[in-house]
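Data first, discussion second: the structure below is written as structure tokens.
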Amino acid sequence: MNHAKKLILGCVVIGGGVATWFGGAAKVIADAPTVQVRRGEFRINHLEAGEIRAARSEKVSAPRVRGDLKITHLWPEGARVEVGDLILEFDRSAHEEWLKDAASELEKAKADRERSIANLERRFSDLQMQIQRSATGLELARISLQKAEYGSPIEKEERKIALERAERALKQAQTNLEAQEIIHRVESANIALRISHRQDNYDDRLRDYNRLHIYATRPGIVVYEKIRKRGADRHGKVMEGDVVWGGTSLLSLPELEAMQVTSQVGEMDVHLVQVGQAAEIRLEAFPGPVFHGIVTDIAPMANELEDAPSVSVFEMVIDVEEQDKRLAPGMSASVKIIVESQADVLLLPLVAVFQRGERHVVYRRDPTGFETVEVEIGNDNGLEVLVLSGLQEGDEVSLTDLGLI
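Counting with the numbering used here, you get residues 1062 to 1466 for the letters of the sequence shown.
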């Protein structure tokens, strides 16, 4: 005879006031709430919060240019853009001054080149005239020497010396011209190099200046990215007035044909989730529809939460299977990851199973009351537990621990 039956029988053989107590206990046992063992699907879920984003998008980053980058204009988030729309603009004031300085330096270098060319041409002209004069002097010295052929020896010697002097003068003039040609080539190369450097500097300044206006290269909607705020140890969505670093991703133009959910899972729970697990997704703005997805990526390394540095989390990505206009980038969502799922199994509320040492028991109703039944159980999800043996579908068991009555 089981324990519950003994309690009910005891109320018959014991008399007096004690019998009244046992009668009350018997009534409690008889009226104990029950539940039936059911057959169905068993699931263990893990719930996390997340945010909708596009699986593919064109990122718009701050240009890598000289100086600070202060945002002066942003296209409204969520608004549609067409090709050529000005979606992002930075303060140009400093770059305007740098561009003016570069243009002034370039013009000065070009003016220096013109002056240098004029000076070189004047020098060449002077040297060429000097060569002509020296050549004329040499010719005259030769004629003079010929005329002194019948003169005195002293006169002939003087004319000969004059001829040698004229030859040296012509040779020196020619040497001076050759040297000037070398100087001209060197100075021209230096001037060309100086102009090239200043032209490059001007082109760089102009390119930086033009890069401070960013235009849409494809149609779509604008989504603001979260950035680390300069001067503050926090993240937030980009906004006008922010000063950012070059290369920082500021906006995205998502392709809305494929969507994802980005989420975070704590280091204590990361062992529960795996790539390939199915997930159910609900939007906070539209709590009715359930969307479906697959876990496609779990970060290999943990990051600290910004608001709780002692908490480490792993980034997780879930691809959404459906296409729906309600799935918009930036929307908040809840993600239910199906950690384990078994179909057509026996299930029982966890509160209906009681532990007795290393055993697990339930109290099953029979025609005379309840009997204690040892059961073998499997995993539980906090609400229901798998029944592996000891019970059948439809068995009625107590939700109250009758062993304590």
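Note that the Cβ used here is the ideal one computed from N, Cα and C, for glycine as well.
Pair within 8 angstroms by beta-carbon distance, residue i and residue j
{"i": "residue 1333", "j": "residue 1394", "result": "no"}
{"i": "residue 1277", "j": "residue 1314", "result": "yes"}
{"i": "residue 1297", "j": "residue 1123", "result": "no"}
{"i": "residue 1252", "j": "residue 1173", "result": "yes"}
{"i": "residue 1331", "j": "residue 1357", "result": "no"}
{"i": "residue 1434", "j": "residue 1450", "result": "no"}
{"i": "residue 1325", "j": "residue 1400", "result": "no"}
{"i": "residue 1340", "j": "residue 1396", "result": "yes"}
{"i": "residue 1328", "j": "residue 1363", "result": "yes"}
{"i": "residue 1288", "j": "residue 1311", "result": "yes"}
{"i": "residue 1301", "j": "residue 1134", "result": "yes"}
{"i": "residue 1132", "j": "residue 1299", "result": "yes"}
{"i": "residue 1255", "j": "residue 1170", "result": "yes"}
{"i": "residue 1116", "j": "residue 1320", "result": "yes"}
{"i": "residue 1448", "j": "residue 1411", "result": "no"}
{"i": "residue 1456", "j": "residue 1425", "result": "yes"}
{"i": "residue 1181", "j": "residue 1239", "result": "no"}
{"i": "residue 1104", "j": "residue 1371", "result": "no"}
Residue i in three-state terms, based on DSSP
{"i": "residue 1457", "result": "strand"}
{"i": "residue 1419", "result": "coil"}
{"i": "residue 1247", "result": "helix"}
{"i": "residue 1190", "result": "helix"}
{"i": "residue 1009", "result": "The chain is shown only over 1062 to 1466; residue 1009 falls outside these bounds and no answer can be derived."}
{"i": "residue 1198", "result": "helix"}
{"i": "residue 1335", "result": "coil"}
{"i": "residue 1446", "result": "strand"}
{"i": "residue 1471", "result": "Since the first and last residues shown for the chain are 1062 and 1466, residue 1471 lies out of range."}
{"i": "residue 1184", "result": "helix"}
{"i": "residue 1145", "result": "coil"}
{"i": "residue 1179", "result": "helix"}
{"i": "residue 1168", "result": "helix"}
{"i": "residue 1451", "result": "coil"}
{"i": "residue 1082", "result": "Low confidence applies to residue 1082: its pLDDT is 41, below 50, so where it sits in the model is not reliable, and the reading given next is rough at best. DSSP places residue 1082 in helix when its eight states are reduced to three."}
{"i": "residue 1101", "result": "strand"}
{"i": "residue 1389", "result": "coil"}
{"i": "residue 1227", "result": "helix"}
{"i": "residue 1318", "result": "strand"}
{"i": "residue 1138", "result": "coil"}
{"i": "residue 1281", "result": "strand"}
{"i": "residue 1365", "result": "strand"}
Span of the beta strand (DSSP E), counted from its first residue to its last, around residue i
{"i": "residue 1403", "result": "1393-1410"}
{"i": "residue 1097", "result": "1095-1097"}
{"i": "residue 1371", "result": "Counting along the chain, residue 1371 falls outside any beta strand (DSSP E), and DSSP gives it neither H nor E."}
{"i": "residue 1299", "result": "Looking at the DSSP string, residue 1299 is not in any beta strand (DSSP E), and its letter there is neither H nor E."}
{"i": "residue 1354", "result": "1352-1359"}
{"i": "residue 1131", "result": "1130-1135"}
{"i": "residue 1289", "result": "1287-1289"}
Beta-bridge pairing of residue i - partner residues as DSSP gives them
{"i": "residue 1120", "result": "1313"}
{"i": "residue 1330", "result": "According to DSSP, residue 1330 bridges with nothing at all."}
{"i": "residue 1342", "result": "1352 and 1396"}
{"i": "residue 1467", "result": "Absent from the model: residue 1467. The displayed extent of the chain is 1062 to 1466, so no value can be given."}
{"i": "residue 1325", "result": "1376"}
{"i": "residue 1427", "result": "1430"}
{"i": "residue 1106", "result": "1399"}
Proximity test, residue i beta-carbon vs the ligand FMN heavy atom, cut-off 7 angstroms
{"i": "residue 1268", "result": "In the structure on display, the ligand FMN does not appear, and there are no ligands present to speak of."}
Interface flag, residue i vs chain E, CB-CB below 8 angstroms
{"i": "residue 1226", "result": "In the structure shown, chain E does not exist; there is a single protein chain."}
> Do the segment 1456-1463 and the segment 1091-1100 touch if we need at least three Cβ pairs shorter than 8 angstroms?
Replying inline: yes
> Looking at C-beta atoms only, is the number of pairs between the segment 1221-1236 and the segment 1274-1290 that lie closer than 8 angstroms three or more?
Replying inline: no
>> Under 8 angstroms: do the segment 1164-1171 and the segment 1258-1265 share three or more Cβ pairs, one atom per stretch?
In response: Three or more pairs of CB atoms, one per stretch, sit closer than 8 angstroms, so the segment 1164-1171 contacts the segment 1258-1265.
> Does the count of Cβ pairs from the segment 1097-1105 and the segment 1277-1296 closer than 8 angstroms reach three?
Replying inline: Too few Cβ pairs lie closer than 8 angstroms, so no.
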